[in-house]
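Line by line, the protein sequences are chains A, B and C. Position in the first sequence (from 1) plus 9 gives the number in my numbering. Position in the second sequence (from 1) plus 2 gives the number in my numbering. Position in the third sequence (from 1) plus 89 gives the number in my numbering. From the three backbone atoms N, C-alpha and C, an ideal C-beta is built for every residue, glycine too. Let me begin by presenting the structure, written as structure tokens, before commenting on it.
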Amino acid sequence: MVLLLGFFFLPVVLTSVFAFTNMSTATGISGGSYVVTGNLLRSLKDEGLDAKTIDALGQSSYVIDQAGLEKAHAAGVDARFITEIAERLKDRSFTSSTAFERELKTLPSRPTRVRDLKIAAGAFEQSVLNVRYASRGEMEAALTHMLENPPEGAIEKVATASYTGWTWTTENFKNLVITPDTWRIIGNTVFYVVLTLAFNVLVGLFLAITTFYLPPAGSGFFSVLWLLPRITPVVLYAVMWKWFTWEDGFVFNIAQDLGLPAFNYMKGSVASAWTVVILVNGFVGASFGMILFSGALKAIPVQQLWASEVDGASRWQQIRYIILPHMRWPILFVTSYQTLSLLSSYEQIWLTTNGGPGSTTTVWALEAFKTALNNYTGNLQYGLGAAMALILVAVGLILSIVYLRLFRFDEMMSKPKIEF
Amino acid sequence: MQISINNFTKTFDGTPVIDDMNLTIRDGEMLALLGPSGCGKSTTLFTISGIHRMDKGQLMFGDRDVSGLPSQKRNVGVVFQNYALYPHMNVFENIAFPLTVRKDNKADIDREVRFIAALTHISELLERRPGQLSGGQQQRVALARALVRKPDVLLLDEPLANLDAKLRLEMRSEIRRIQLETGITAVLVTHDQVEAMSMCDRIAIMKKGEIVQIDTPADMYSNPRTSFVAGFLGNPPISLLNGIAMGNTFSIAPIKLRVPLGSHEGIADGTPLKLGVRPEHFGPEGDIAVEGKITFAETQGRENLYDVELADGSVLRSIQPAARNWKLGEPVRWFIDSKSAFVFSDDGLRL
Amino acid sequence: MTRNFAAWPIILLLTVLSLPLFIMYLFLLVDTFSNTAPGSLLPNEFTLEHWRFLIDPTITGDVWKPTLTTVIFSASLMIIVVSVSATAGYALSRLALPFRRFVLSGIMVMHAFPSVTLIIGVFLVLQFAGLYNSLTGVILVKASLMLPFGIWIMKGFYDAVPWEIEMAGVQDGASRFTVWRRIILPQVKPGLLSLALFAFIDGWSEYMLPRILAPSSDFEVLSMYLNTVSDPNSSTYNFNIFKSVGLFYTLPVLALFVLFQNRLMNIFGGGTKG
């Protein structure tokens, strides 16, 4: 139960939570910190923050104070040298490292090596640049310390911009609505689901009926053959299709021999890529329909079939008037069940065309997955991906509830009969 | 052990099934709960066994209150309608199961199982699996399993329903024999009046969650308290005629039928009444003449069964020795034995 | 059935439809034992060289370590799924638990619900739990995703066991636990076996979860191994070798399927009749 809660309920909640964030690899998934970086300053400048503030932020200054002395001590600077700095330079400040270092060189017990001198100087450096502050308060305090007479609102602006963690946003959904890609992917998804579903149901039905009429040896052969894709591990199944359709693959060679256009059918053209995608998924799904339909066929009382033959019905009439009416519920079931799983499945597409060529065969689930967990730019946008997944989760939930209502929901709920 | 049920009430999902029932089963007696399906007889049985909880009321085994105890702590033996043998255990293991879970020692278990197997005549079947047994044999195994730990009470839920006619006859006397030999208190649930009458010391007839009458089979047959009881016992069943009270007789005016009400005096003229006549109390001999026509005749071998339609369309059933045959359509003038007829009020209560 | 109605066009259509599958699986087998000249379709020599990867780790990397990992993965998955489903299925089928209705509907929705859509959420959960990139994490996730299905199937099997048997057990003085262990569990053995097989096969075939939830870890399951071998961009790419690896990888699944076809049929149908 804990596992179920952990890996069903929690993911659903997290998906919906993260759908409203801008979380990505860059922001990390736990809370962030506050850092002013060179890049940030540049982009702030572009946004029109005044140059004086930016310069000030970019600068370092050197102040001889108690904190600095302790830091120098901790850095292993010679104790006598520290005492001298404390006595002679206490409370002085320098705006550049050269000035400060020049001053240090005048002290009697200065270190001989330049590197040691720089270490000593570094202890007194005060800068916000590239320093990580855990909270916004600390960042603002540091900024206030650094800037003299900052313009109105500048500190708040810099502090907000310097946050590296994720923030709440509804941008994800706005972006989804305005991006033209979204609609194309929805179109792809509908196209894919409808065609694959049609293939599954029609071929499944065809297989069930033909194997029903074939002699046992033949029907056994065909049902096992069609079951193979279902039990073959998906990776192998996908690479077999690659072998079948890839350059130098089976179809490629045949086409070449026949003088037909030979190319990489899996990724070479949009039409062939779609054909492959639909066939790849269709062949897996058809067996599901076949199993269910065969079961339903066997449940038809054989006397009915005998009676219809006695009544002079041809095979076609038998199928039309006796078998198909019996198939109504199984067909409805397969359709709704497969719609749901097709909507959310992307494993086969991912392993075969990977949505290509371009993104012509990319469906919604694949796009969500790629956005969040698997893209080449390296910046995984968990937030946007979660927003896309959330839409699927919502559709999935609604559909599965509808489908449970349709198919014997209460029957499974009967009360336990032992009352003690 | 004496079992008593006091003020027992039970509802399923808001539907009352048993309403304020009281029942006492005497030590060592075999009691039948008889009634049509849905009358609450099985609910009563499973409440005694501890499968169902009482909503209200009290269940006593002797002077021990077991109302709140689960089955495991009640020491009750049950024979289920489909026997409910454990398919993966052989007969010996099935019978030994109650003792094994009680953690008796091996030698005791072996002795007890063999003793009870001998009593139920299945000693040679101990190595078999339930799937290899006939219905009657499964029945015996189920009995043996229920009896092996010497329960305070033996409950039988329609034990003969799944047997064919011949086996049913055989098991009927077998169950009774075993019950008498062990002297155990037993409750039999059945919808078959023949079973109830032939096997039990007393019968409790139930209807819609209430006990209508509880009596010995003979008393119940000869002295039913309601028309429902009269109709439930007896095969072929009793015939009921609708009429009215008129001058201290039961009267159906159109056919000039008048049956004296005898001791039931003071019934206002015109009160609707019912007259119950058992098939053996209507025939060529008797005291109240009735004219009619034979509309149905059935040969049963030793006896013949006739339906006689009276002039007003009501029907009297009759059972007669096969010596003399009446033909279908033949007009007859037969007689009702008025002393054996029952008079019921319109709502079915015996007068 | 008596007359064969205009059978040949139908059978022809069936054959044509089945052809891609037939060719793929036929060549899967043939190519592992033979060599084919470039550009040709038919093999021209018999060879066992494509199976050398079994003993020579220099060809595609050591194959036995991923195999062992896969066995561990599938076996733990099987154990978790079967043991949890066997108990939870019984509880849901037979015991009067609080919130039973609610839990049941929840399980049913989860059963119908396409769990892959949760992968992003699962990914984040694992990150927080610190199980990202670990075999344990992947096993737990895969097991949980399978559980609603397993519980559902087992509940179906339990539902089919007559109540009377259970009542008889209780009547005989056994506790509910004893009744479950000694009486009911033996009745659902076929169900347990089917579920165990299914869980094992499913675990054996799993690719996506290890790939996404443990991409850079030091363990590798066979599916990942196969995918690396069969990447057309990799230097070791060779149709015949990946087919041998693929066949090697698939053989246990095929063997189990052939042995237990009838038991698995029901479950492969989505457990809808269970």
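Within the region 233-259 of chain C, the residues whose Cβ lies closer than 9 Å to some Cβ of chain B are P251, W252, E253, I254, E255, M256, A257, G258 and V259, listed in chain order. Bridge pairing for W336(B): V292(B) [DSSP].
Check the Cα spacing between G85(A) and each of A264(A), G367(A), L393(A) and K127(A): the tightest is with K127(A).
P275(C) reaches chain B at H90, counting residues in chain order whose Cβ is nearer than 7 Å. At a cut-off of 8 Å between C-beta atoms, S228(A) does not count as an interface residue with respect to chain C. E311(B) is bridged by DSSP to K295(B) and V317(B).
Of M199(C), T104(C) and Y114(C), the smallest CA-CA separation from P238(A) is found for Y114(C).
With a cut-off of 8 Å on Cβ pairs, the region 201-221 of chain B is in contact with the region 231-245 of chain B, counting three or more such pairs.
Close CB contacts of F109(A) within its chain, under the 6 Å cut and outside five residues either way in sequence, are with Y71, F103 and A130 (chain order).
By the 16-neighbour rule on beta-carbons within 10 angstroms, Y246(A) is buried. With a cutoff of 8 Å on beta-carbon distance, A295(A) and L216(A) are scored as near each other. Distance from I240(C) to G292(C) at the Cβ level is roughly 17 Å; contact not present, criterion being Cβ atoms closer than 8 Å.
Counting only runs that start and end inside the region 210-253 of chain B, the alpha helix (DSSP H) elements of at least 4 residues fall at 219-224 and 229-234. Following the DSSP letters along the chain, one finds N24(B) inside the beta strand (DSSP E) bounded by residues T17 to I27. In chain order, N92, V93 and F94 place their CB closer than 8 Å to the CB of E129(B), counting only its own chain and leaving out the 5 sequence neighbours on each side.
Chain C places a beta carbon closer than 8 Å to that of Y391(A), counting this residue as a contact.
Proximity of F94(B) to chain C, defined by a Cβ-Cβ separation below 8 Å, is not satisfied. Comparing alpha carbon positions, the residue from Q195(B), M248(B) and N250(B) closest to Y223(B) is Q195(B). Per the C-alpha coordinates, the member of R326(B), A34(B) and I50(B) positioned closest to M199(B) is A34(B). Burial is judged here by how many other beta carbons sit within 10 angstroms of a residue's own beta carbon; A316(A) has fewer than 16 and is exposed. Between the alpha carbons of I169(C) and T225(C) lies a distance of about 12 Å. Among the CB atoms of chain A, one or more fall inside 8 Å of the CB of V342(C). In the displayed model, F10(B) falls within a strand according to three-state DSSP.
Judged by their CB atoms, G285(B) and W336(B) are nearer to each other than the 8 Å cut-off.
The alpha helix (DSSP H) runs lying completely inside the region 81-121 of chain A and spanning 4 residues or more are 88-98 and 106-114, given in chain order. Nearest Cα to I309(A) within the set D59(A), A151(A), I263(A) and Q327(A): Q327(A). Segment contact: the region 68-86 of chain B against the region 241-256 of chain B, fewer than three CB-CB distances shorter than 8 Å; contact not assigned.
Interface annotation, A185(C): in contact with chain A, CB-CB separation under 8 Å. For R131(B), there is no enclosing alpha helix (DSSP H), since its DSSP letter is neither H nor E.
Sequence-distant Cβ neighbours of V259(C) in its own chain, meaning closer than 8 Å and more than five residues away, are R265 and V268.
Contact between S69(A) and E134(A) holds, since their C-beta atoms are separated by about 5 Å, short of 8 Å. Proximity of P274(B) to chain C, defined by a Cβ-Cβ separation below 8 Å, is not satisfied.
Legend: CB atoms of the region 64-76 of chain B lying less than 9 Å from CB atoms of chain C belong to residues P72, S73, Q74, K75 and R76.
Non-local C-beta neighbours of P279(C) in its own chain, meaning closer than 8 Å and more than five positions away in sequence, comprise F246 and R352, ordered along the chain. For V78(B), the enclosing beta strand (DSSP E) covers residues V78 to V81. Taking the Cβ atoms as the reference, N209(A) lies roughly 6 Å from Q347(A), within the contact range of under 8 Å.
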